[in-house]
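Right, one structure below, let's go through it.
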Amino acid sequence: MTSGPVIIGSERSEAWLSAGMILLRQGASALDAVEATLRLCEDNLDDHYIGTGGLPNARGVVELDASLMVGSSRAFGAVGAVRSFPHPISIARTVLEVLPQHALLVGEGAELFAEEQGFERANLLTEEAMRIFREALLESNESVEGENTDAGAGDDNYRVAAIDLVRRLMAHDGPWGTVNVIALDESGEMVVGVSTSGYPWKYPGRVGDSALPGSGNYCDLRYGGAACTGRGELSMRVTGARMIVDALARGATPVEACGSMLREAAALPDHFRSELRAICLTPDGRHGGAASQGGSTYNVMTTSSAEPEVVARVQFDR
Ligand code: GLY
Numbered sequence: 025m026t027s028g029p030v031i032i033g034s035e036r037s038e039a040w041l042s043a044g045m046i047l048l049r050q051g052a053s054a055l056d057a058v059e060a061t062l063r064l065c066e067d068n069l070d071d072h073y074i075g076t077g078g079l080p081n082a083r084g085v086v087e088l089d090a091s092l093m094v095g096s097s098r099a100f101g102a103v104g105a106v107r108s109f110p111h112p113i114s115i116a117r118t119v120l121e122v123l124p125q126h127a128l129l130v131g132e133g134a135e136l137f138a139e140e141q142g143f144e145r146a147n148l149l150t151e152e153a154m155r156i157f158r159e160a161l162l163e164s165n166e167s168v169e170g171e172n173t174d175a176g177a178g179d180d181n182y183r184v185a186a187i188d189l190v191r192r193l194m195a196h197d198g199p200w201g202t203v204n205v206i207a208l209d210e211s212g213e214m215v216v217g218v219s220t221s222g223y224p225w226k227y228p229g230r231v232g233d234s235a236l237p238g239s240g241n242y243c244d245l246r247y248g249g250a251a252c253t254g255r256g257e258l259s260m261r262v263t264g265a266r267m268i269v270d271a272l273a274r275g276a277t278p279v280e281a282c283g284s285m286l287r288e289a290a291a292l293p294d295h296f297r298s299e300l301r302a303i304c305l306t307p308d309g310r311h312g313g314a315a316s317q318g319g320s321t322y323n324v325m326t327t328s329s330a331e332p333e334v335v336a337r338v339q340f341d342r
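In this text, residue positions in the sequence shown follow the numbering used here: the first is 25, and each later residue adds one.
See below:
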């Protein structure tokens, strides 16, 4: 029994979610609606955690992860650590549709595939993102004890600074910027999409949960779809999105399902713990969201919504 089209999204999807709902109202597929919404999020230069304008890795290069999962087939397409292509969600979709023998391409191979498929390269590092990057390195330099100030020792200083930057992630106030969008279309199909520039100052080549089925993204049309934002390494360790869908399968409500995953993650030791958040949607249109910190929200639109409804996530910190 379907509810009619529904689309939900994490923080910072709100400005673009109505584009997805307009498509769904016109009878478009959940795949089209999720991709279109996330492409708009990827183009938002003011969002420093996704697409163009995303914050770079520890070498000052923007690397993007994205994935799509289709509920009826559990088909999955993803890319990780992709440089120079502004719409990783569309490359992920092309992996899903054009390269069914594979599900995930990373780095150079993903870029080769994108080029082969006619995607255009672009500069993803905006001046604003570069300014933030430089400021972070400067602050870090000041905070590193015993650094070598000799100009020739720059490489060593850089390494120390990079480590310091990674440590600073622990105190990051967020909100972490991965964007999740889940859509249910008129035919009852459900798709989960996730796109991110990942952790700022991450180790080059680091791929987060957003590109991994079961971690940042999971969809099984029998029970529902789920997606995570925040501390990707924790989500990977608990296979967060899959855990949520498994809880839905056992009869948990959407909020309980997200909460059970967050409780599991909260019990693990993690020196770099930061916020972890999740949303989920069931095939009959029920939805829920939870977060390890207070004050988080997600966005919902049905066919009768004039604009996205902002819904508070329930906090589960233990
Ligand atoms: N959850 C996004 C990331 O860790 O990259």
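Ideal placement from N, C-alpha and C gives every residue a C-beta, glycine not left out.
Looking at the backbone, the Cα of P293 and that of T263 are separated by about 16 Å.
At a threshold of 6 Å, T150 does not count as near the ligand GLY, since its beta carbon sits no closer than that to any of the ligand's heavy atoms. Take the alpha-carbon of G222 and the one of V324: they are about 24 Å apart.
Contact between the segment 251 to 267 and the segment 112 to 123 is absent, with fewer than three C-beta pairs closer than 8 Å. The Cβ atoms of I74 and T253 lie no closer than 7 Å to each other. Selection around the ligand GLY by beta-carbon proximity, strictly under 7 Å to any non-hydrogen atom, yields D89, W200, T202, T220, G222, Y223, G232, D233, S234, G240, C252, T253, G254, R255, G256, E257, S259 in chain order.
The Cβ atoms of V30 and L208 lie closer than 7 Å to each other.
Listed in chain order, the beta strand (DSSP E) elements of length 3 or more contained wholly in the segment 93 to 145 are 100 to 106, 128 to 130. The Cβ-Cβ distance between C282 and G95 does not fall below 7 Å. In the three-state reduction of the DSSP assignment, P278 falls in the helix class. In terms of Cβ geometry, E87 and R107 form a close pair [threshold 7 Å]. Here E87 carries a coil assignment [DSSP, helix/strand/coil].
One Cα belongs to L123, the other to F137, and the distance between them is close to 10 Å. Around the beta-carbon of G275, fewer than 16 other beta-carbon atoms lie within 10 Å, marking it exposed.
Considering only V218, G212, R255, the residue with the shortest C-alpha distance to Y247 is G212. Remark: C-beta atoms of A302 and A314 approach each other more closely than 7 Å. Rounded to the nearest angstrom, the Cβ distance from A102 to A127 is 6 Å, consistent with a contact under 8 Å. Across the structure, G201 and R342 are spaced so that their CA atoms are roughly 23 Å apart. Check the Cα spacing between T327 and each of G44, G33, E35: the tightest is with G44.
Less than 7 Å separates the beta-carbon of S316 from that of E299. Spatial neighbours of V216 in its own chain (CB-CB distance under 6 Å, excluding positions within 5 residues in sequence) are listed in chain order as M93, I206, N241, C243, G249, A251. Beta-carbon to beta-carbon, S34 and Y322 are separated by about 6 Å, close enough to satisfy the 8 Å threshold. Taking 7 Å as the cut-off, the beta carbon of F109 is found closer than this to the beta carbon of F143. Relative to A235, the option among A105, A57, N81 whose CA is nearest is A105. The segment 218 to 282 is shown to contain whole alpha helix (DSSP H) runs of 4 or more residues at 256 to 261, 264 to 273, in chain order. A57 is not a Cβ neighbour of L69, given a cutoff of 7 Å. One thing to note: G77 has its Cβ within 7 Å of the Cβ of A153. The three-state reading of DSSP puts R49 in helix, counting H, G and I together.
Judged by DSSP in its simplified three-state form, R287 adopts helix.
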